[in-house]
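Please read the structure below before turning to the comments.
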Amino acid sequence: VQLQASGGGLVQPGGSLRLSCAASGSTASIIAMRWYRQAAGNQRELVAAITTAGSMYYRDSVKGRFTISRDSAGNTVYLQMSNLKPEDTAAYYCNVDFANIVGIRSFWGQGTEVTVSS
1 VQLQASGGGL VQPGGSLRLS CAASGSTASI IAMRWYRQAA GNQRELVAAI
51 TTAGSMYYRD SVKGRFTISR DSAGNTVYLQ MSNLKPEDTA AYYCNVDFAN
101 IVGIRSFWGQ GTEVTVSS
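Given below as structure tokens:
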């Protein structure tokens, strides 16, 4: 299993970015996909999550600004970020849960940096 994240960059406050995370491997067994972020000096925090059943979660600070989605094949997760604020600056990580007969395994992608600054 490999997760390839992309889409980070430098953006001005109020701007938008779309992050992508493509999973390879046993993608048919994916049950949940998430985006976390970690700002310098802070703990990693959950930003948004989506399950194969369609349930979604957003942390309060991004509600109404961020949208998590999956492609039709179910192996790529996106995070559309709008009205970005300086406090959104962080390394963003995708996290994917794969289920099989013995349990659930969770994998992490490499971080993609998002910097919101004028």
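Numbering (my numbering), first residue to last: 1 to 118. Even glycine gets a Cβ: it sits at the ideal position worked out from N, Cα and C. Since we're looking at a predicted model, the values are computed, not measured.
Own chain, CB closer than 6 Å to residue i, minus 5 neighbours either side, in chain order
| i | result |
| --- | --- |
| residue 113 | 8 and 91 |
| residue 115 | 10 and 89 |
As assigned by DSSP and simplified to three states, the class of residue i
| i | result |
| --- | --- |
| residue 99 | strand |
| residue 62 | helix |
| residue 22 | strand |
| residue 51 | strand |
| residue 119 | Since the first residue shown for the chain is 1 and the last is 118, residue 119 is missing from the structure and cannot be characterised. |
| residue 89 | coil |
Selection from the options that minimises the alpha carbon distance to residue i
| i | options | result |
| --- | --- | --- |
| residue 80 | 20, 5 and 14 | 20 |
| residue 127 | 88, 73 and 53 | Nothing about residue 127 can be read from this structure; the chain reaches only from 1 to 118. |
| residue 27 | 86, 56, 60 and 1 | 1 |
N- and C-terminal bounds of the beta strand (DSSP E) containing residue i
| i | result |
| --- | --- |
| residue 9 | 9 to 11 |
| residue 114 | 112 to 116 |
| residue 79 | 76 to 81 |
| residue 3 | 2 to 6 |
CB contact flag (residue i, residue j, <8 Å)
| i | j | result |
| --- | --- | --- |
| residue 120 | residue 22 | Outside the displayed span of the chain (1 to 118) sits residue 120, for which this structure offers no information. |
| residue 29 | residue 99 | yes |
| residue 50 | residue 70 | yes |
| residue 94 | residue 3 | yes |
| residue 36 | residue 44 | yes |
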